[in-house]
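I have placed the structure first, in the form of structure tokens, so that the comments after it can refer back to it.
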Amino acid sequence: MRNESTSVELDSAWILTSTFVIFLMQSGFALLESGSCTAKNHVNLMMKNVLDVIIGSIMYWSIGYGLQFGNSKWSNPFCGVGDFFLHKTNYKLFMHFVFQLSFASTANTIVSGAVAERCNFYAYCLFCSIFCLIYCIPSGWMWRENGFLNALGAIDYCGATSVHFVGGIASLVAAYKLKPRLNRYANGWRTPAPKPENAVNSISGLMFLWWGFFVFNSGSSYGITNGSWEIAARAFIVTLIASVFGGFTSFIYSQFTVNYVEVSLVINGILSACVSVCGCAGFIETYDAVYIGVGGSLITSLLPKILDRFEIDDPIGAIAVHAGGGLWGTLVVGLSASFDDNVVKHFKYNEHQRGLFKSGNFNQFGLQVLAAAVICVWTAITVWIVLSVINLFLKLRMSTEEETVGGDMWVHGIIANEYLNQLKNCEVMLDEEKIAQRLRNVCCQMSIENYTKAIANLKRYNIDEIEMENNPPKSRV
Numbered sequence: 001m002r003n004e005s006t007s008v009e010l011d012s013a014w015i016l017t018s019t020f021v022i023f024l025m026q027s028g029f030a031l032l033e034s035g036s037c038t039a040k041n042h043v044n045l046m047m048k049n050v051l052d053v054i055i056g057s058i059m060y061w062s063i064g065y066g067l068q069f070g071n072s073k074w075s076n077p078f079c080g081v082g083d084f085f086l087h088k089t090n091y092k093l094f095m096h097f098v099f100q101l102s103f104a105s106t107a108n109t110i111v112s113g114a115v116a117e118r119c120n121f122y123a124y125c126l127f128c129s130i131f132c133l134i135y136c137i138p139s140g141w142m143w144r145e146n147g148f149l150n151a152l153g154a155i156d157y158c159g160a161t162s163v164h165f166v167g168g169i170a171s172l173v174a175a176y177k178l179k180p181r182l183n184r185y186a187n188g189w190r191t192p193a194p195k196p197e198n199a200v201n202s203i204s205g206l207m208f209l210w211w212g213f214f215v216f217n218s219g220s221s222y223g224i225t226n227g228s229w230e231i232a233a234r235a236f237i238v239t240l241i242a243s244v245f246g247g248f249t250s251f252i253y254s255q256f257t258v259n260y261v262e263v264s265l266v267i268n269g270i271l272s273a274c275v276s277v278c279g280c281a282g283f284i285e286t287y288d289a290v291y292i293g294v295g296g297s298l299i300t301s302l303l304p305k306i307l308d309r310f311e312i313d314d315p316i317g318a319i320a321v322h323a324g325g326g327l328w329g330t331l332v333v334g335l336s337a338s339f340d341d342n343v344v345k346h347f348k349y350n351e352h353q354r355g356l357f358k359s360g361n362f363n364q365f366g367l368q369v370l371a372a373a374v375i376c377v378w379t380a381i382t383v384w385i386v387l388s389v390i391n392l393f394l395k396l397r398m399s400t401e402e403e404t405v406g407g408d409m410w411v412h413g414i415i416a417n418e419y420l421n422q423l424k425n426c427e428v429m430l431d432e433e434k435i436a437q438r439l440r441n442v443c444c445q446m447s448i449e450n451y452t453k454a455i456a457n458l459k460r461y462n463i464d465e466i467e468m469e470n471n472p473p474k475s476r477v
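Read in order, the letters of the sequence shown correspond to residues 1 to 477 in the UniProt record's numbering.
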């Protein structure tokens, strides 16, 4: 009895610690997104990541978890039913809930990067709440005991399909529907993508995400006792090997294609490699991680060129990393999956689910293709419908004025003076009165030290400077 109790305590400590580290990956997403975009939207992008967690958690607690894992008599192969508004005191259930919430939050925030710098903040928040539920259905197909893809034998160890591929397809649909940023393809599809405006933030974000992926993948062993630590250890080293080979591939690719070390290429090469092993990190050989990491990196390096041909604007590479890497990660399960007795004991896999390279038959590869196809169709259709409906009541796209001035000022009242100065040479037709009114509202709340700088910018919009100088903001203590 004592040994059983100790096992539960150790496993619980492992799971809860893993959950905490996975939540820290939100910091990485926020830094990566803000660093990859213009300074006028840094705060706006970070606040979207904050709202991802706030809104996503509310929706997941109230409805999402029940749709994903509910196991009442009404639960069926399509969706779970039960455990809505989770309230019963069941500590194992609480632990499972918070662990799965960290995955749901990851799926939610993927879309934020793909629609950066032109998506209406409030429309995004509304979409975020609904997308949490969209995510829960296919992830339940793969992970719930009676989920129909799980019952067929499709495998997703820790989210290549259920988290990353779902988030990546949603990003593709959203980016296509929102259209590109202003002037992104001013000279056609060959127009170079803007460079990260704060590469230090981007690289810092990579570090958070990279180290987080080690725990994202190894934590999915869901324990460290009774042999689970072996699965965790394998997942850790597989993720490490895949990521370093992915990063090295992107480094070499950038040298041959642009003749310098392209920051965004290396970042996304590492992240795509991490995504690519999510489907099978706990039960493949270390040498399999090499080709999986290299493949994920190459997909992420080449896919943006295809997106550019169709003028699909993806500011941080979310589509390439998560849709491309997630699809690759889904398929490689059908190539390299192999199970020892320990894996079979914990995950109930069988010999018929071994990959093509290990068994010589296409059965599992076919199941993985089916899973990817079904989940792609579900996600694309539902996201398109939801975005279309939202757009009827709340415009998805920022106004031209907001996009030009930046979400930091428009939504959060934080003025990026250097961007306001650039408006003098702006080639886009703007409603100057609309901008002036917004600036006037912001300046009324401004601290005294920023007031003088703002006055200089307001002259451009013919705002009554004398009136404002007679009513300056009060100094904030």
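Ideal placement from N, C-alpha and C gives every residue a C-beta, glycine not left out.
Whole-number beta carbon distance between residue j and residue i, since they are thought to touch under 8 Å
{"i": "residue 44", "j": "residue 408", "result": "5 Å"}
{"i": "residue 105", "j": "residue 56", "result": "5 Å"}
{"i": "residue 246", "j": "residue 156", "result": "Actually they are not in contact, since the Cβ atoms of residue 246 and residue 156 sit about 20 Å apart, beyond 8 Å."}
{"i": "residue 254", "j": "residue 146", "result": "Not a contact, Cβ separation roughly 46 Å."}
{"i": "residue 238", "j": "residue 277", "result": "6 Å"}
{"i": "residue 243", "j": "residue 189", "result": "Wrong, their Cβ atoms sit about 30 Å apart, outside the cutoff."}
{"i": "residue 383", "j": "residue 78", "result": "Contact doesn't hold; Cβ gap of about 18 Å is too wide."}
{"i": "residue 180", "j": "residue 313", "result": "4 Å"}
{"i": "residue 331", "j": "residue 369", "result": "7 Å"}
{"i": "residue 161", "j": "residue 355", "result": "So it is not a contact: roughly 15 Å between Cβ atoms."}
{"i": "residue 335", "j": "residue 365", "result": "6 Å"}
{"i": "residue 267", "j": "residue 202", "result": "6 Å"}
{"i": "residue 135", "j": "residue 154", "result": "Not a contact, Cβ separation roughly 17 Å."}
Three-state secondary structure assigned by DSSP to residue i
{"i": "residue 90", "result": "coil"}
{"i": "residue 71", "result": "strand"}
{"i": "residue 234", "result": "helix"}
{"i": "residue 81", "result": "strand"}
{"i": "residue 309", "result": "helix"}
{"i": "residue 274", "result": "helix"}
{"i": "residue 158", "result": "coil"}
{"i": "residue 128", "result": "helix"}
{"i": "residue 280", "result": "coil"}
Range covered by the alpha helix (DSSP H) that runs through residue i
{"i": "residue 330", "result": "325-336"}
{"i": "residue 38", "result": "No alpha helix (DSSP H) holds residue 38; DSSP gives it neither H nor E."}
{"i": "residue 174", "result": "166-178"}
{"i": "residue 368", "result": "363-393"}
{"i": "residue 151", "result": "148-152"}
{"i": "residue 348", "result": "No alpha helix (DSSP H) holds residue 348; DSSP gives it neither H nor E."}
{"i": "residue 225", "result": "That residue, residue 225, is in no alpha helix (DSSP H); it is neither H nor E in DSSP."}
{"i": "residue 186", "result": "Neither: residue 186 is in no alpha helix (DSSP H) and is coded neither H nor E."}
{"i": "residue 205", "result": "199-218"}
{"i": "residue 402", "result": "400-405"}
Nonlocal neighbours in the same chain, by C-beta distance under 8 Å from residue i, ignoring five residues either side
{"i": "residue 199", "result": "35, 263"}
{"i": "residue 115", "result": "124, 171, 174, 175, 178"}
{"i": "residue 481", "result": "Outside the shown range of the chain (1 to 477) lies residue 481, about which nothing can therefore be said."}
{"i": "residue 61", "result": "85, 86, 97, 101"}
{"i": "residue 343", "result": "231, 282, 283, 349"}
Neighbour-count burial assignment, residue i, 16 or more Cβ in a 10 Å radius
{"i": "residue 176", "result": "buried"}
{"i": "residue 257", "result": "exposed"}
{"i": "residue 260", "result": "exposed"}
{"i": "residue 93", "result": "exposed"}
{"i": "residue 89", "result": "exposed"}
{"i": "residue 87", "result": "exposed"}
{"i": "residue 38", "result": "buried"}
{"i": "residue 306", "result": "exposed"}
{"i": "residue 389", "result": "exposed"}
{"i": "residue 309", "result": "exposed"}
{"i": "residue 137", "result": "buried"}
{"i": "residue 304", "result": "buried"}
{"i": "residue 183", "result": "exposed"}
{"i": "residue 196", "result": "buried"}
{"i": "residue 152", "result": "exposed"}
{"i": "residue 91", "result": "exposed"}
Close beta carbons around residue i, own chain, < 7 Å, minus the five adjacent residues each side
{"i": "residue 80", "result": "66, 67, 68, 69, 70, 71, 140, 144"}
{"i": "residue 394", "result": "120, 122, 123, 126"}
{"i": "residue 297", "result": "246, 249, 250, 269, 272, 273"}
{"i": "residue 59", "result": "129, 132, 133"}
{"i": "residue 42", "result": "34, 408"}
{"i": "residue 265", "result": "250, 253, 254, 301"}
{"i": "residue 328", "result": "276, 295, 296, 299"}
{"i": "residue 224", "result": "10, 11, 14, 232"}
{"i": "residue 208", "result": "24, 25, 27, 28, 31"}
{"i": "residue 118", "result": "178, 181, 397, 398, 403"}
Cut-off 6 Å between Cβ atoms - residues of its own chain near residue i, not counting five sequence neighbours on either side
{"i": "residue 169", "result": "323, 376, 379, 380"}
{"i": "residue 18", "result": "215, 219"}
{"i": "residue 148", "result": "77, 141"}
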